[in-house]
Amino acid sequence: MVSSISCQYHEAGHAVAGVVIGRDFEFVTVIPIGNTEGHVAYSTADDPEFPRPPQLEAIFFIAGPYAECRRTRRSLPRLWIEQQDASDVAALQLSEADFRKAVSQSMEIIDKNWPAVRRVAAALRRRQKLTFEEVEAMVFSA
Ligand SMILES: [Zn+2]
């Protein structure tokens, strides 16, 4: 089964932002599981005893929907409400100011690394699954 282009860009957005902010993960995939089209599999460092800064988590979550929006030219607020990422960010309980800051930081990371997002999305289309190290190589090969 071939994943949608939206899904490839969405997951590529999360993956590239993860590499840029140093939020490691095991792999990113566009192979559907349950009701999700694709996902990023977290590494063991995600154990509750090792919490990550909520601001960075928010940047990571927002990057997926934003990459998808940037490709389709849909507005982020409109697409945002349809996404699981919106509830993941809500669970972080950021202040309105911190949320806005995370949105702009996330957009900046994706805009600045757009060629890498495109490379990662294309690689996901061909191979369905990439490790953190493989994404990292694509981000830093620019
Ligand atoms: Zn997502």
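Counting from -13, one number per residue, gives the positions in the sequence shown under our numbering.
The beta carbon of each residue, even a glycine, is placed where N, CA and C say it ideally should be.
- Secondary structure of Leu80 (DSSP, three-state): coil.
- A contact between stretches requires three or more CB pairs, one per stretch, nearer than 8 angstroms, and the segment 96 to 109 fails this requirement with the segment 76 to 84.
- In the DSSP assignment, Phe13 falls within the unbroken beta strand (DSSP E) covering 13 to 15.
- Put simply, of Ser127, Arg113, Gly(-1), Ala123 the residue whose alpha carbon is nearest the alpha carbon of Cys55 is Gly(-1).
- Between the alpha carbons of Leu42 and Asp10 lies a distance of about 11 angstroms.
- Contact annotation: the segment 20 to 31 does not touch the segment 82 to 89, with fewer than three C-beta pairs closer than 8 angstroms.
- Here the C-alpha atom of Phe13 lies approximately 10 angstroms from the C-alpha atom of Gln114.
- Distance from the CA of Tyr(-5) to the CA of Arg57, rounded to the nearest whole angstrom, comes to 7 angstroms.
- Taken in chain order, the whole alpha helix (DSSP H) runs of length 4 or more contained in the segment 95 to 122 are 100 to 113.
- For the 7 angstroms CB-CB criterion, Ser(-11) and Val16 form a contact.
- With distances taken between CA atoms, Gln70 lies nearest to Glu23 out of Glu23, Gly8, Glu122, Val2.
- For the set Ala49, Met124, Glu82, Pro101, the Cα lying nearest the Cα of Gln91 is the one of Ala49.
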